[in-house]
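Report on the following structure.
4 protein chains.
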Amino acid sequence: MSNTFGTLLRFTGFGESHGPAVGGVLDGMPAGIDIDFEAVRVMMRRRRPGASPLTTARKESDEVKFLSGIYKGKTLGTPIAFVIENSDVRSADYEQLSHAYRPNHADYTYQAKYGIRDHRGGGRASARETAGRVVAGALAMQFLASRGISIKAETEAIGKAASPDGFDAEILAARADADSVGGVVRCVVSGCPAGLGEPVFGKLQVMLASAMMSINAAKGFEYGCGFDGTRRRGSELLDTPYTDAEGHVRMASNHSGGIQGGISNGEDIYFRVAFKPVATLMRALDTIDDCGNSIKLEMHGRHDVCVVPRALVVVEAMAALTLADALMMSRK
Amino acid sequence: MSNTFGTLLRFTGFGESHGPAVGGVLDGMPAGIDIDFEAVRVMMRRRRPGASPLTTARKESDEVKFLSGIYKGKTLGTPIAFVIENSDVRSADYEQLSHAYRPNHADYTYQAKYGIRDHRGGGRASARETAGRVVAGALAMQFLASRGISIKAETEAIGKAASPDGFDAEILAARADADSVGGVVRCVVSGCPAGLGEPVFGKLQVMLASAMMSINAAKGFEYGCGFDGTRRRGSELLDTPYTDAEGHVRMASNHSGGIQGGISNGEDIYFRVAFKPVATLMRALDTIDDCGNSIKLEMHGRHDVCVVPRALVVVEAMAALTLADALMMSRK
Amino acid sequence: MSNTFGTLLRFTGFGESHGPAVGGVLDGMPAGIDIDFEAVRVMMRRRRPGASPLTTARKESDEVKFLSGIYKGKTLGTPIAFVIENSDVRSADYEQLSHAYRPNHADYTYQAKYGIRDHRGGGRASARETAGRVVAGALAMQFLASRGISIKAETEAIGKAASPDGFDAEILAARADADSVGGVVRCVVSGCPAGLGEPVFGKLQVMLASAMMSINAAKGFEYGCGFDGTRRRGSELLDTPYTDAEGHVRMASNHSGGIQGGISNGEDIYFRVAFKPVATLMRALDTIDDCGNSIKLEMHGRHDVCVVPRALVVVEAMAALTLADALMMSRK
Amino acid sequence: MSNTFGTLLRFTGFGESHGPAVGGVLDGMPAGIDIDFEAVRVMMRRRRPGASPLTTARKESDEVKFLSGIYKGKTLGTPIAFVIENSDVRSADYEQLSHAYRPNHADYTYQAKYGIRDHRGGGRASARETAGRVVAGALAMQFLASRGISIKAETEAIGKAASPDGFDAEILAARADADSVGGVVRCVVSGCPAGLGEPVFGKLQVMLASAMMSINAAKGFEYGCGFDGTRRRGSELLDTPYTDAEGHVRMASNHSGGIQGGISNGEDIYFRVAFKPVATLMRALDTIDDCGNSIKLEMHGRHDVCVVPRALVVVEAMAALTLADALMMSRK
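Protein chains in written order, with this note's numbering: chain A, 693 to 1024; chain B, 693 to 1024; chain C, 693 to 1024; chain D, 693 to 1024.
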């Protein structure tokens, strides 16, 4: 719990945004898996800040240093620890924030819970923390790939734009207004065998919802017909089973989203995650400080206007950790 | 995991729809709490089938028998076990289903996972299982009430009807068409102190999403501005902190849904759950049996047309278990 | 934790000595296992009070009622709940104890922890609770038997008697003196494959020690050469590996007790458990009540003089739960 | 499980003996605790190899690098990650071992479990791994100290020597014989309040036994009267409660070892741990390689003859992690 995710495949993350490093320990990976380090780097690059004019200007090389659990390129079955240094840290940007409660941030709640917080860059509440998840997810994805399972997330909407050719304009317009936008990510898991998920509290959709709602800025999760399905009749959503040419059970449609009764049915698993607009706005805001005094806050620092472009790979990473764990739980 | 929910307050459920009983064990309840058994019965009555013309005709007295953990009306701090007998069981209704894979049900997936299943009334996959959750939730709610926390779920939509005066008509129309409808439940937690939730994987929204997505027929979860918030600008969703007359930190609005950075901020926590239309339709359906042969299936039995009216109390129960656990985790 | 034991195979126990019932829920049992109910009864009879002149006179039929998880004699893979009623309850025997802190009992500590306790027969701290463990262990043993693994516990010492022909005399002498005696149980697991145990904190000896130390009156655990091995040289304890006729790796001796580096090596696993003398003595004792006043206490009720004869089957049951869990964890 | 220890205070360890580093993540530490880094170093020095002529010649500076969870010398309540580099690694010493199964080592069992292993210096099975535990334990001890709880382990026996003035001679004699010896560690926890421990499977002795049996070379655990108590009468072991001058409940003696019914009673908690002789002997040994061929093995490398001197601080560290977790679980 807390900073550990998973049951048989367990990722434990650590790190503050402006501390020495972020990283994690992935425990429970099967032994003997060949690790493709370049594939890890490719996933890290997709999450990296500063990679596009649409994302924050913070520059992080995000070099991953593995400390254990891999020998001669193969997993040992022992915990895989890794560290990613925080290099481009400009804590001075945050000095004026050391006593402020930024609106829609975790400043007040961390203070209320812990009585102390690292205000620099959001500390532990920063999305910088997801760098560790991406490394772990990249490893999990290699295990899944060896079992024929693949995962792909894509942008479904940015703000009011629901088609790819409108996405950039939404982000640029928000930035021009010193504002921010949200969006929706759609993710599909293909090649998953029937039988994954542990009823009743470990249903596959429960595991996936936990994974997704743990990502910063996620406000909603739905799978299969989702919220839209509540407005339709049962007869419109029937997934009729049939036997295919190889004798496998298949469904003629997939309103269920690949999961029935909490257990995968062999069809594609698909789900959507809602991400709210970034909370940090490049304008003056009214708020209070930690003594309760009203203050006017002017935020600087380097911030995304929309988390969706960089969140895609985090969604994939968390889905990979979830599916790999479910696969191990199912003993398949 | 699996059939246990929670970390410090742990509910373990058991029971098949047509087996001898359903029930559970609630472990971790604080000692010395006075149990109001009538309040448990009131919650059970709200979930009970046969209570309204809008719900299934199955009649269950749903008498709860407590076996341990309570002495002279007070909790002992030891596990509270309870049993609810399955009395009105008509398994014969299900004989023809013993080899059928009902569309949109868990028949095929349970078979794929376990290689065996209790086909009578859906077995473990039946919503009958939630009776145990309601008992446990009723106990958790009494602990929460003693700390000033209350929980209330209400119907927000049934099918295409988004206002209370249209709800019954949607259900009756669906029944008349031998069809079914879904709906949306909205739930509010009031009186929750700031500081609940355990970043990063035990964020309060993660715990709530797990709880809700474990409920039968739930297809989506959102809190605060949810999916709708993805279409709005960050500046429209600002919750400005201020200091109230008593010197407490409050938010001028509540787009965040009472949670920031995974931790409660003292405002009302609110979330929505999407429930799909009931899968069982009172009409002939095409499907296959467990040998892969095409069959025509005519379902009888006694079934709800819409789960929402009875799901309200299950949502409250699961929210109560979640909040009580979060409260204990926070040591507040 | 608390009242749940195990990771993939999880036993959750409940019940006070003089409450309505004791019992449990066994979650995670593989599906499709034929349950031999008579074998469960045989194990329950070995634990049952009143079965021998050497044990307590309390009479319990210990009829086990299964409530879920088994259909047509086979496990479903869903939680198996069961209840054992407390029938021969003479709570009046305990009235004078309602405010007393019996020496070496859990009366004071339960009061200190919970601020309340069920004083009747020791409440949750009574060994009556182990009845549920024996049922669960009997089920686990059937799973193990199907994989060629067997478990056998035997008495190694009673008080100062270290050979079987002295055991009864030690017990009878203690009873004649209104006193009690302890003893040592030795348990052997045969047929266990190499590869069980999860380093570093889930070593097989860690799991076994947890299981054994959770049994009432257990004061020590050792495996392999144990405490005695601390007085010997390394060269005396060498277990030399060799290849047997079938090409399997074997050890020429077994000072390691079948576990090396926390993982089973395929040899017999053996360990010992120390049980202290029963705390309840049939004589007048000085103590205090829950107001701190000095009192003279005369205990009645029906009590064993030595727990060892009835503890054997509890040791086997807990070992079975442990090994079955380890087997499932190992995916073998 | 596996590489994580604890429930609310969770230590996750990682690292192979000859990999880049060992270390860990301590999650759940209360926020706002001042960390005394020098106290951490002092504990590390007690574990460090090469510190005495009686221990291995491997030299490790054992510099601890903290990566997260501490800000301006205070804990943040977020995970505390730390790394200790492996500097004095002479893997070449182990080349001839890459295919050998050393007697009484984890070589064969790791190979049987994982199908792969890092043979250099024992890999993950090496006691090098305990360096991470000592750091975490040192932090836990500072939390305990702030609550008035202290922990002290001492050597009770080395081989056949049961008094301090014989200990060194036993070790030197064993080394002269190219042999090794074991010993017994006794540990006392003082200042612990009544009420710690979570019946029935989270009894305080269960938690302590788990902690101790997870240490390399530990073969036995006992608390209070332990194995010796099995040979005594109940009347000899009575701990009579009384009320002291301040009105506190105390026990006139402490055969119970500070725990009754799995819950601390406020007296000193004491227990003993048996450590076997070191498995590595500086002499030629018969064994087999991983193809099953008989081989003669001559071990070099740098090894302790007796683990006890360096194990003392590991026992203290694991006891500290256990008690801190129990304290947090008890909400005291």
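In this text, a Cβ means the ideal position worked out from N, Cα and C, and glycines have one as well.
Check residue i in the structure and name its three-state DSSP category.
{"i": "B/Ile-841", "result": "coil"}
{"i": "D/Glu-914", "result": "strand"}
{"i": "D/Thr-972", "result": "coil"}
{"i": "B/Val-1000", "result": "helix"}
{"i": "A/Leu-1013", "result": "helix"}
{"i": "C/Gly-702", "result": "In the sequence as displayed, the identity of residue 702 of chain C is Arg instead of Gly. Here C/Arg-702 sits in strand by DSSP."}
{"i": "C/Leu-836", "result": "helix"}
{"i": "D/Glu-862", "result": "helix"}
Give a yes or no on whether the C-beta atoms belonging to residue i and residue j are separated by under 8 Å.
{"i": "A/Thr-822", "j": "A/Leu-1004", "result": "no"}
{"i": "A/Val-876", "j": "A/Arg-964", "result": "yes"}
{"i": "C/Lys-805", "j": "C/Asp-780", "result": "no"}
{"i": "A/Ser-760", "j": "D/Glu-914", "result": "no"}
{"i": "A/Ile-951", "j": "A/Leu-1019", "result": "no"}
{"i": "D/Lys-968", "j": "D/Ala-909", "result": "yes"}
{"i": "B/Phe-893", "j": "A/Ser-694", "result": "yes"}
{"i": "C/Leu-1013", "j": "C/Ala-832", "result": "yes"}
{"i": "A/Ile-955", "j": "A/Cys-884", "result": "no"}
{"i": "D/Val-873", "j": "D/Glu-862", "result": "yes"}
{"i": "B/Thr-767", "j": "B/Pro-722", "result": "yes"}
If we count the other Cβ atoms within 10 Å of its Cβ and call it buried at 16 or more, is residue i buried or exposed?
{"i": "C/Pro-856", "result": "exposed"}
{"i": "C/Asn-796", "result": "buried"}
{"i": "C/Gly-939", "result": "exposed"}
{"i": "B/Val-1007", "result": "buried"}
{"i": "B/Asp-936", "result": "exposed"}
{"i": "A/Arg-782", "result": "exposed"}
{"i": "D/Asp-719", "result": "buried"}
{"i": "C/Ala-784", "result": "exposed"}
{"i": "D/Ala-792", "result": "buried"}
Can you pull the chain A residues whose beta carbon is under 7 Å from the beta carbon of residue i, in chain order?
{"i": "C/Arg-1023", "result": "Arg-1023"}
{"i": "D/Ile-841", "result": "Ordered by position in chain A, no residue passes the 7 Å Cβ test against D/Ile-841, which lies about 22 Å from the chain."}
Mind pulling the chain D residues with CB within less than 8 Å of residue i?
{"i": "C/Thr-696", "result": "Phe-893"}
{"i": "C/Gln-952", "result": "Asn-796, His-797, Ala-798, Tyr-800 and Thr-801"}
{"i": "C/Ile-955", "result": "Ala-798, Thr-801, Tyr-802, Ala-804 and Lys-805"}
List, in order along the chain, the chain B residues whose C-beta lies closer than 8 Å to that of residue i?
{"i": "A/Val-941", "result": "Tyr-793, Tyr-800, Ala-804, Ile-980 and Gly-984"}
Can you tell me the Cα-Cα spacing of residue i and residue j, whole angstroms?
{"i": "D/Val-714", "j": "A/Gln-834", "result": "25 Å"}
{"i": "A/Gly-815", "j": "D/Tyr-763", "result": "10 Å"}
{"i": "C/Gly-716", "j": "C/Val-827", "result": "8 Å"}
{"i": "D/Met-991", "j": "D/Lys-911", "result": "23 Å"}
{"i": "D/Ala-903", "j": "B/Ser-986", "result": "57 Å"}
{"i": "D/Glu-730", "j": "A/Thr-979", "result": "41 Å"}
{"i": "B/Ala-886", "j": "A/Ala-830", "result": "35 Å"}
{"i": "C/Ile-841", "j": "A/Gly-813", "result": "56 Å"}
{"i": "C/Thr-770", "j": "D/Gly-921", "result": "42 Å"}
{"i": "B/Lys-988", "j": "A/Cys-917", "result": "25 Å"}
{"i": "B/Phe-859", "j": "B/Arg-867", "result": "13 Å"}
{"i": "A/Arg-1002", "j": "A/Ile-850", "result": "13 Å"}
{"i": "B/Lys-757", "j": "B/Glu-777", "result": "9 Å"}
Which residues in chain D sit within 9 Å of residue i, going by Cβ to Cβ distance?
{"i": "C/Asp-871", "result": "Arg-925, Gly-926, Ser-927 and Glu-928"}
Against residue i, what residues of chain B qualify as contacts under a CB-to-CB distance less than 7 Å, listed in chain order?
{"i": "C/Ala-723", "result": "Tyr-806, Gly-807 and Ile-808"}
{"i": "C/Tyr-763", "result": "Asp-810"}
Can you pull the chain C neighbours of residue i, defined as C-beta to C-beta under 9 Å?
{"i": "B/Arg-816", "result": "Ser-760, Gly-761, Leu-768, Gly-769, Thr-770 and Pro-771"}
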